[in-house]
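Numbered by my numbering, the letters in the sequence shown go through residues 5 to 241 in order.
The structure appears below as structure tokens.
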Amino acid sequence: MKKLILSIALCCAATNFFAQNADPAQLVNDGKAALEAKNYQEAYTKFSTYLTQTNNQDSVIAYNCGVCADKIKKPAEALKYFDIAVQKKYNLANAYIGKAGALKDLKKNDEYVATLKEGLEANPGNKTLTKLYATYYINQGIMAQKAKKMDAAEEAFKQAIAIQADNVNALNSLGSLYYSKGANTMKTDVEKAKVEFKEAKEYLDKLIPLLSADKPAQKKMMDNAKTMLNFIDSQLK
């Protein structure tokens with residue numbers, strides 16, 4: 005048994021020795037070939053070995069290594085390599101998107117949203133980062149609604165619109181929220197209800213032109229918005 009253990013140890017040592025002394029250029033070429041063949045595990049092994057040899061100095065390979073790590077479900081490793089790309093400002097928007105995705109997979113919620121914010125500040129107007137950041141707040145709003153925390157939901161939906169003014173889900177959520185407020189308030193305070201209906205109308209009027217009747221989900225949203233607006237208009241006369 006001792007001989008077997010020694011043999012395994014020697015094999016491991018030999019493997020590490022050859023990995024550490026493999027030709028860097030060959031590692032990159034082999035990694036690229038594996039990546040093109042969608043052999044992400046092999047590509048990750050080649051790229052990560054190369055990066056270890058070169059002290060993580062190659063931002064392009066670090067980014068590609070992050071992509072491979074993501075493909076083989078290694079979020080901690082993906083985070084490490086996407087962060088190298090971010091620090092070195094390579095393919096910056098996509099590096100931030102990859103980093104955020106890894107943080108989400110690792111359930112590091114606070115770091116996830118902070119990375120989206122930072123990424124958008126570094127890449128103003130990037131559509132993917134904008135959508136991801138706005139969607140985060142929409143989901144926060146939905147969770148708050150389910151918990152009956154309507155003020156928190158309202159604030160979250162408004163934050164989403166501040167990030168992405170034409171986000172139909174945020175506009176619809178706010179329109180519906182104020183409509184429900186107004187409908188409930190009518191029972192006790194008609195004038196206050198009218199104020200809330202006017203708030204709802206503002207969001208619903210912005211929503212409808214953004215929707216397409218050719219898309220089933222959007223058509224349903226449009227029909228609901230029009231129904232709410234018809235009622236609102238009848239109350240504001």
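All C-beta atoms, glycine included, are put in the ideal place defined by N, C-alpha and C.
Because the structure is a prediction, the values reported are computed rather than measured.
With 16 other CB atoms within 10 Å as the buried threshold, where does residue i fall?
{"i": "N225", "result": "According to the sequence provided, residue 225 is Met. The question's Asn does not apply to it. Counting Cβ neighbours within 10 Å, M225 comes out buried, since at least 16 surround it."}
{"i": "L107", "result": "buried"}
{"i": "G145", "result": "buried"}
{"i": "A30", "result": "The sequence as given places Gln at residue 30; Ala does not occur at that position. Q30 is exposed by the Cβ-count criterion."}
{"i": "L178", "result": "buried"}
{"i": "T53", "result": "buried"}
{"i": "S180", "result": "buried"}
{"i": "N113", "result": "exposed"}
{"i": "V64", "result": "exposed"}
{"i": "K42", "result": "exposed"}
{"i": "N98", "result": "buried"}
What residue from the options has the CA that sits closest to residue i's CA?
{"i": "V172", "options": "Q149, D209, D193, K191", "result": "D209"}
{"i": "A38", "options": "V71, N60, N234, T58", "result": "V71"}
{"i": "A47", "options": "D155, K112, V32, S238", "result": "V32"}
{"i": "Q168", "options": "Y183, G179, E122, K131", "result": "K131"}
{"i": "K185", "options": "K162, E158, L175, D170", "result": "E158"}
{"i": "M190", "options": "K84, T56, L240", "result": "L240"}
{"i": "G105", "options": "T119, K93, A66, S63", "result": "T119"}
{"i": "P28", "options": "Y67, N43, Q61", "result": "Q61"}
{"i": "T139", "options": "A160, A229, D155, D34", "result": "A160"}
{"i": "D170", "options": "N143, E203, I212", "result": "I212"}
Helix, strand or coil, according to DSSP, for residue i in the structure here?
{"i": "D74", "result": "helix"}
{"i": "K152", "result": "coil"}
{"i": "N171", "result": "coil"}
{"i": "K191", "result": "coil"}
{"i": "K202", "result": "helix"}
{"i": "N233", "result": "Sequence inspection shows Leu at residue 233; the Asn mentioned does not correspond to that position. Here L233 sits in helix by DSSP."}
{"i": "K223", "result": "helix"}
{"i": "G129", "result": "coil"}
{"i": "Q61", "result": "coil"}
{"i": "N95", "result": "coil"}
{"i": "S216", "result": "coil"}
{"i": "N143", "result": "helix"}
{"i": "D27", "result": "coil"}
Review point. Counting pairs of Cβ atoms below 8 Å between the stretch 144-163 and the stretch 119-126, do you hit three or more?
Key: no
Review point. Counting Cβ pairs, one atom from each stretch, are 3 or more of them under 8 Å apart for the stretch 213-221 and the stretch 187-196?
Key: no
Review point. When the Cβ atoms of the stretch 71-89 are set against those of the stretch 43-60, are three or more pairs found closer than 8 Å?
Key: yes
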